[in-house]
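Enquirer: One structure, as structure tokens, below. Some questions next.
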Amino acid sequence: MPRVTPGDRAALAPGAPGILLGLLGDDRVWRSPSPLMHQMALESLGAMGWYVPLRAEAGDLESVIPALHRLGFLGLNVTAPLKEKVAPWLLRLDEEATAIGAVNALARSASGYWGTNTDARGFRDAYLAGLKPSRALVLGAGGAARAVLHALLGAGFAPALAARDPAQAAALAARFQVPTLPWRELAEEFPLIVNATGASSPAEVGASPPLPALAPQGLMVDVNYGRPDNYWEKIARDARASFRDGLAMLAAQARYSFILWTQADEVSLTPFQKALALYSRSPSRK
């Protein structure tokens, strides 16, 4: 199997043996559109390669990370629930991953992988361009919430945080120096609300979900995707506000990961968007 490192552009040349990329996470990796996105991105460059789903538990990482390095994987994305658990098995974290406290992309070096986070940049590009900085409410206290808070603060927004677990909310709020709000008492109105929990459908949010107040003409973002019956979309509709799911963020962060691994000069967002359009029309999602 070829062993290449970022910057080895011969791996992208026509006739090269190809590169290995992958997505590391729980059972959700089997349903992810990430393999399709990256395959189409490779094809857009005329490069040979494979992006494969890789299921793993947190307890597997100590052996899985070195094994993937031995197999020659050039880069890996990391998804829930491993974003906050993979760091001990990496050589180092870059400044952004360290600030966020979560890792979603691994890049190969000679002796292992180092970690970064492209989620915050993906969120910024997908949803904050053209928005006037304002107050915002972030729901959740996991890896996605960390990236969202980092992006909002970096763009001049003033976020508050609410999570089902008060202790987790307090710890994350202290890290980012933002205020917290009670999970079940969200009467205060916000022009921007971001659901960064893993729950989107009515079944996932449960019998007593939070009911945040979204300002009319505001924006509700759900970082998840693929839920045809979306609780957060209904809140936006009732408030006469806009709704965006997580596909735009997924495409944007994927492009940043792809550039990191391949060091390609020109990487368009178009193949990632085309892949997500195909994914959205897939019969398996109906």
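Residue numbers (this note's numbering): 2 to 287.
Glycine included, every Cβ here is placed at the ideal spot set by N, Cα and C.
1) Candidates Trp51, Gly50, Leu83: which alpha carbon is nearest Ile66's?
2) Quick check: Ala106 and Thr117, are their CB atoms within less than 8 Å of each other?
3) Inspect the beta-carbon positions of Met41 and Pro192 and report whether they are closer than 8 Å.
4) Is it the case that the segment 126-134 contacts the segment 259-266, given that we only count it when at least three CB pairs across the two stretches are under 8 Å?
5) Kindly indicate which three-state DSSP category Leu132 falls into: helix, strand or coil?
6) Whose C-alpha, out of Gly47, Pro54, Ile20, is nearest the C-alpha of Asp28?
7) Using DSSP with H/G/I as helix, E/B as strand and the rest coil, what is Gly123?
8) Using 8 Å as the Cβ pair cut-off and three pairs as the minimum, do the segment 222-242 and the segment 160-169 touch?
9) Is it true that the CB of Tyr280 sits closer than 8 Å to the CB of Pro36?
10) Could you tell me the boundaries of the beta strand (DSSP E) in which Ser45 lies?
11) Does Ser112 come out as helix, strand or coil in the three-state DSSP assignment?
12) Can you give, in chain order, each stretch of the beta strand (DSSP E) that sits fully within the segment 200-227 and has at least 3 residues?
13) What first and last residue would you give for the alpha helix (DSSP H) that runs through Val195?
14) Express the C-alpha separation of Gly76 and Gly227 in angstroms, rounding to a whole number.
15) Which residues bound the alpha helix (DSSP H) around Val149?
16) Give the straight-line distance between the Cα atoms of Pro213 and Trp31, rounded to the nearest whole angstrom.
17) By Cβ distance, which residues of its chain are closer than 7 Å to Thr198, with the 5 residues on each side in sequence left out?
18) Looking only at its own chain, which residues have a Cβ that is under 8 Å from the Cβ of Leu173, when we skip the five neighbours before and after it?
19) Considering only their Cβ atoms, is the gap separating Arg282 from Tyr289 smaller than 8 Å?
20) Jot down the residue ranges of each uninterrupted alpha helix (DSSP H) in the segment 58-101, minimum 4 residues, whole runs only, in chain order.
21) Would you report the Cα separation of Thr80 and Ala103, rounded to the nearest angstrom?
22) Within 10 Å of its beta-carbon, does Ala59 have 16 or more other beta-carbons around it, so buried, or fewer, so exposed?
23) From Ala252, Leu46, Val179, Trp233, pick the residue whose C-alpha is nearest to that of Ser202; which is it?
24) In its own chain, which residues sit with a C-beta less than 6 Å from the C-beta of Asn196, not counting the 5 before and 5 after it?
25) Note down the Cα distance separating Ser112 from His70, rounded to an integer number of angstroms.
26) Would you kindly work out how many angstroms separate the C-alpha atoms of Glu205 and Leu72, rounded to a whole number?
Expert: Answer, in terms of the structure:
1) Along the sequence shown, one-based indexing puts residue 66 at 65. Nearest of Trp51, Gly50, Leu83 to Ile66, Cα basis: Leu83.
2) As a working mapping, residue 106 is identified with position 105 in the sequence shown. As a working mapping, residue 117 is identified with position 116 in the sequence shown. Yes, the pair counts as a contact, with Cβ atoms nearer than the cut-off.
3) As a first step, residue 41 is located in the sequence shown; it is residue number 40 there, counting from the start. As a first step, residue 192 is located in the sequence shown; it is residue number 191 there, counting from the start. No, they are not a contact pair.
4) The answer is no - the segment 126-134 does not touch the segment 259-266, with fewer than three Cβ pairs under 8 Å.
5) In the sequence shown, the residue the question calls residue 132 occupies position 131. Reduced to three states, the DSSP call for Leu132 is coil.
6) What you label residue 28 is simply residue 27 of the sequence shown in a count that begins at 1. Minimum Cα distance to Asp28 is reached at Pro54.
7) Stepping through the sequence shown from its first residue, residue 123 is reached at position 122. Helix at Gly123.
8) The segment 222-242, when compared against the segment 160-169, does not touch it at the 8 Å Cβ threshold.
9) On the sequence shown, position 35 is the one that residue 36 refers to. On the sequence shown, position 279 is the one that residue 280 refers to. Note that the C-beta distance between Pro36 and Tyr280 is not below 8 Å.
10) For the purposes of this step, residue 45 is taken as residue 44 along the sequence shown, with counting starting at 1. Element bounds for Ser45: not the beta strand (DSSP E) but the alpha helix (DSSP H), 35-45.
11) The residue labelled residue 112 in the question sits at position 111 within the sequence shown. If DSSP states are grouped into helix, strand and coil, Ser112 belongs with coil.
12) Counting only runs of 3 or more, we get 214-223.
13) Indexing the sequence shown from 1 puts residue 195 at position 194. Note, Val195: premise wrong, no alpha helix (DSSP H); beta strand (DSSP E) at 190-196.
14) The residue you call residue 227 lines up with position 226 of the sequence shown. The residue you call residue 76 lines up with position 75 of the sequence shown. Taking the CA atoms as reference points, Gly227 sits about 25 Å from Gly76.
15) If you number the sequence shown from 1, residue 149 lands on position 148. Segment 144-155, the alpha helix (DSSP H) holding Val149.
16) Here the question's residue 213 lines up with position 212 in the sequence shown. Here the question's residue 31 lines up with position 30 in the sequence shown. A straight-line Cα-Cα distance of about 32 Å links Pro213 and Trp31.
17) Translated into positions along the sequence shown, residue 198 becomes position 197. Contacts found: Leu140, Gly141.
18) Numbered from its first residue, the sequence shown carries residue 173 at position 172. Around Leu173: Ala142, Ala146, Arg147, Leu150, Leu162, Ala164.
19) In the structure displayed, the chain extends from 2 to 287; residue 289 sits before or after that span and is not available.
20) 62-72, 96-101, all fully within the segment 58-101.
21) For this step, residue 80 is matched to residue 79 along the sequence shown. For this step, residue 103 is matched to residue 102 along the sequence shown. Inter-residue distance for Thr80 and Ala103 is about 10 Å (C-alpha atoms, whole angstroms).
22) In the sequence shown, residue 59 corresponds to position 58, counting from 1. Exposed is the label assigned to Ala59, since fewer than 16 other Cβ atoms lie within 10 Å of its Cβ.
23) Taking the sequence shown and counting its residues from 1, one reaches residue 202 at position 201. Ranked by how close their Cα comes to the Cα of Ser202, the residues Ala252, Leu46, Val179, Trp233 have Trp233 in first place.
24) Here the question's residue 196 lines up with position 195 in the sequence shown. Residues of the same chain with a CB within less than 6 Å of the CB of Asn196, apart from the 5 flanking positions on each side, are Leu140, Asp223, Trp233 in chain order.
25) Locating residue 112 in the sequence shown gives position 111, counting from the first residue. Locating residue 70 in the sequence shown gives position 69, counting from the first residue. Each residue's Cα considered, the two are about 8 Å apart.
26) Numbered from 1 along the sequence shown, position 204 holds the residue referred to as residue 205. Numbered from 1 along the sequence shown, position 71 holds the residue referred to as residue 72. Rounded to the nearest angstrom, the gap between the Cα atoms of Glu205 and Leu72 is 37 Å.
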